[in-house]
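Input: a single structure, listed below in structure tokens.
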Amino acid sequence: MTQIADPVQLQARKLDTGKVRQARISGWALLGLAALVAFVFGQDVVGDATFRLSRPNDPLALPNLVIPALPFTYIVAAILAFLGVRLFLQGGVRWTSLALGFGLFLAVAAFLVWATAGKSFSLTGMLQATVVRAVPIALGGLAGVLSERVAVVNIAIEGMLLAGAFTGALIGSLLGGLGGLFAAVAVGGLFGFILAALVVTYRVDQIIAGVVINLFVLGVTSYVSSQVYQEHRFLNNAPVFAPVKIPVLGDLPVIGPVLFYQNIFVYGAVIMVAVATYYLFHTRMGLRARAVGEHPRAADTLGINVYRTRYVNVTVAGMVAGFGGAWFTLGSVGRFDENMTGGRGYIGLAAMIFGRWHPVGALMAALVFGFADSLQQKLALLNTPIPSEFLAMSPYIATIVLVAGLIGRARPPAADGKAYVKE
Amino acid sequence: MTDPQPPGTLSDQLLDRAAPDRTAFEDLVVVPILAVFIALVLGALTMFATNVDLPTIGRSYVALLEGSVGSLSAISETLTAAMPLTLAGLGIALGFRAGLFNIGAEGQVLIGGMAAVIVGFSFDGLPAAIHLPLALLAGAIAGGLYASIAGWLRAATGAHEVISTIMLNLISYRLVDYLLRLDFIQREGRADPISRSVLETAELPRLLTWIDANLRLHAGIFLMLAAVVVIHWLLFRTKLGFEFRASGASPDAARYAGMRAGLIIVLAMGMAGALAGLAGANQGLGVLGRATPGFSAGIGFDAIAVALLGRSHPYGVLLAGLLFGALEAGGRQMQVDAGVSIDLIGIIQALIIVFIAAPLLVRSLFPWAFRKLAKVGRE
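Protein chains in written order, with our numbering: chain A, 213 to 635; chain B, 375 to 753.
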């Protein structure tokens, strides 16, 4: 090679080797899954796996889904091996992520069949739990998307969720559920505004500001709950929103109870994700917001008010997180406990990255995380030899893999995390 | 992360560095003192807002003072609480100096503490002179390796360390839950997740039991002081420390000067994790004598505050660690004497950091404290 290569070509080849490397790593991963399914799940599997799809008194009852465990395991292993070899020989570079996603889905199915072999298990119940558990994660992720799209890193989601949960319980006890919900949204918005003020006006480092808000909210809510709630229990006894059945759709088997017989938080989350997607990608305001996140100086030059855009979006993100926080009290138990969000905000952050800074992606990622969460709960019942802790870790490991770009890379908005100083 | 510097030309900045004027003094000394003051006032207002009467508020702040420095046992408690905060805070400060934001101290404390406890109960019959250093070393290495994962990912793939350390925190909680149920770790005859007890030969010896058997001050204090001195020497007197600071101040300049950016990131992260691991070992071997789920008790997050308050300078971190230790110890006394929940201390700590991190806010609240000093400095 004596001649200097054309830079564009060089760039293209570089990208290509990146894709090939991803395909190869994915191929290894699929082969590993195939081996796992064949040699671990296939070894001591006996009998049929019975999945209950309907409760006996449902209007449109479906029969149980019965899967013979051993043949299913081997078929899955064969498909996984085929996909892996195909990727490994670079036959399907274009479909890397699709093949990997499908492979993971099959592996999870094989795992479920293996775990349930010889027993029976309510699939609908687990899916329902998945959706319920995904709600705060999805709303946290959506809050992250809204603020990171204007280049404000939002570590404070955790604190906003906790503040929403606390306010929901306190005001909900005094004024009823709806009042509590509005108050939680308002307080979430307040903390969003505080975050915006700290990072935009006072130019505090964004991550420090987030950590501080988390510490502050944890301190205040824990203090009040141990100082005040101990004596005045009526202040911590909020009503819980009951599930609302959507007519006709709610009676459908499987998807009825999973999607159309839930409380307003589930519907709210879906609506908010739809509205946020429309706002960010199909309105003028959304385009401006994204411009502020990608290149604030250019946006400023074109006359967009960078500071105001950041204030507005981060405040709205706080309101979304406040709504998600209210789920913990008004949507499930009606009572506030110290640190009851337990890191869900950070998982929401992971869902945002997993969903590649897109509202729908964050929702999907939240469903995956919710599934892992509810699966972990059921594992204890099914009594499998795999420790449930490893399953609980898997979403976080997957997030690290994704952030590191080993299998596909998630790209944040270009100006993410940087303060903007107007000239 | 660099300190928020007032925008100015390069020559202004160089001049500031050569002859620090009153502004630097204000940022280093006046702002922290005012921050602590405002935080205490706002803490009193919080109590007032939750129906605590004025005499009780007064009594609680007296108890806070007494419980932190009012007696020998209070000082012992303050120092005991300050040790892990200072150790982990030093690690985070080291990361800040190298331009890394390590949110993962909590996980590194857990993993380091777990390793130290496991070594602490595993080797029966070793003399204390070997067993104790071995257990401490295990804690430091485990914490360091765990943090290096994030450092390596940053260096090799560009994955941002804030995200990967948050994920490593979440993973570490599950990992500890799992480890505590393993046969050789879980205490015999117990169904709940609790480890075996650390053997006497691996315990950090208590120093003041000859005065009163209840004094908990232990040999970890030497560890803390040694770490402060060593990190100060490392940062400001060695080539490696210079490379850390150069990479933190200007990664591009450091790279052009021929420093190996990737290696520096991994080393800085690993050392930060080793210090956090030592903090965990300090808790496991000196205070608790066993491991339970979440025995880190938020030390890793408080340590971020300690590093910020100490301005990422080892001696500053020591002072900040002592202050937070005093708040912690005094808070317990406050809870007993005045019946005010210790969670108030969390509010005060968070408020201190808000004001430290936002000097502009403090300046706008107390313009008189600064205008006067600034005038003197500029003349």
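Every residue gets a Cβ at the ideal spot worked out from N, C-alpha and C, and that includes glycine.
Residue-level contact to chain B via CB, residue i, 8 Å cutoff
i, result
"A/Val252", "no"
"A/Ile419", "yes"
"A/Ser544", "no"
"A/Leu410", "yes"
"A/Gln439", "yes"
"A/Glu601", "yes"
"A/Met372", "no"
"A/Tyr519", "no"
"A/Leu407", "no"
"A/Glu323", "Just to set this straight, residue 323 of chain A is Phe in the shown sequence, not Glu. A/Phe323 does not count as touching chain B."
"A/Phe583", "no"
"A/Phe314", "no"
"A/Met605", "yes"
Residue-chain proximity (residue i, chain A), Cβ-Cβ < 8 Å
i, result
"B/Gln379", "Only weak support is given to the placement of B/Gln379: the predicted model assigns it a pLDDT of 45, under 50, and the value that follows is read from those uncertain coordinates. Closer than 8 Å: no."
"B/Arg706", "no"
"B/Ile492", "no"
"B/Ala521", "no"
"B/Val410", "no"
"B/Phe669", "no"
"B/Phe698", "no"
"B/Leu508", "no"
"B/Ser621", "no"
"B/Phe475", "yes"
"B/Ala677", "no"
"B/Ser571", "no"
Buried versus exposed, by CB contacts within 10 Å (16 or more), residue i
i, result
"A/Gln474", "buried"
"A/Ile419", "buried"
"B/Met645", "buried"
"B/Trp526", "buried"
"B/Glu562", "exposed"
"A/His444", "exposed"
"B/Gly632", "exposed"
"B/Thr612", "exposed"
"A/Trp240", "exposed"
"A/Asp628", "buried"
"B/Thr666", "exposed"
"B/Ile504", "exposed"
"A/Gln255", "exposed"
"B/Val403", "exposed"
"A/Ala563", "buried"
"B/Leu641", "buried"
"A/His494", "exposed"
"A/Glu370", "buried"
"A/Leu514", "exposed"
Neighbourhood of residue i by C-beta, 6 Å cutoff - its chain only, sequence neighbours within 5 removed
i, result
"B/Asp377", "Only weak support is given to the placement of B/Asp377: the predicted model assigns it a pLDDT of 43, under 50, and the question is left unresolved by the model."
"B/Gly704", "Leu438, Gly441 and Ser442"
"A/Ala538", "Gly376, Gly380, Leu393 and Ala396"
"B/Gln482", "Gly517, Tyr520, Ala521, Gly647, Ala650 and Gly651"
"B/Pro380", "Residue placement at B/Pro380 is poorly supported in this model, since its pLDDT is 47, which falls under 50; the coordinates are not used for a value here."
"A/Gly404", "Val526, Thr527, Ala529 and Gly530"
"A/Ile476", "Phe453"
"B/Ile639", "Gly525, Arg528 and Ala529"
Cross-strand partners of residue i (DSSP beta bridge)
i, result
"A/Ala261", "A/Ile279"
"A/Phe333", "A/Phe263"
"A/Val487", "None, per the DSSP bridge assignment."
"B/Arg580", "B/His592"
"B/Ser569", "B/Gln560"
"A/Gln474", "A/Val456"
7 Å CB neighbourhood of residue i in its chain, flanking five on each side removed
i, result
"B/Pro625", "Gly473 and Ala635"
"B/Pro406", "Leu683 and Ile730"
"A/Leu318", "Val288, Ile291 and Leu292"
"B/Gly699", "Thr452, Leu453, Ala455, Ala456 and Leu459"
"B/Leu542", "Gly478, Gly481, Tyr520, Ile523 and Ala524"
"A/Phe323", "Phe253"
Cutoff 8 Å; reference residue i; Cβ partners in own chain excluding five residues on either side
i, result
"A/Tyr187", "A query on residue 187 of chain A cannot be resolved here, the shown segment of chain A reaching from 213 to 635 and no further."
"A/Arg500", "Ala511, Ile516 and Thr521"
For the stretch 631-681 of chain B, which segments carrying the alpha helix (DSSP H) assignment without a break, of at least 4 residues, lie completely within its bounds, in sequence order?
If we require 4 residues or more, the alpha helix (DSSP H) runs fully inside the stretch 631-681 of chain B come out as 635-656.
Restricting to runs no shorter than 3 residues, where is the beta strand (DSSP E) found entirely within the stretch 399-459 of chain A?
As summarised for the stretch 399-459 of chain A, there are no continuous beta strand (DSSP E) elements at least 3 residues long confined to that stretch.
Taking the runs of the alpha helix (DSSP H) that are 4 residues or longer, which of them lie wholly in the stretch 517-605 of chain A?
Correct list: 518-540, 556-566 and 571-594.
Whole runs of the alpha helix (DSSP H) within the stretch 674-744 of chain B, excluding any shorter than 4 residues
Runs of the alpha helix (DSSP H) inside the stretch 674-744 of chain B: 688-712, 717-731 and 733-739.
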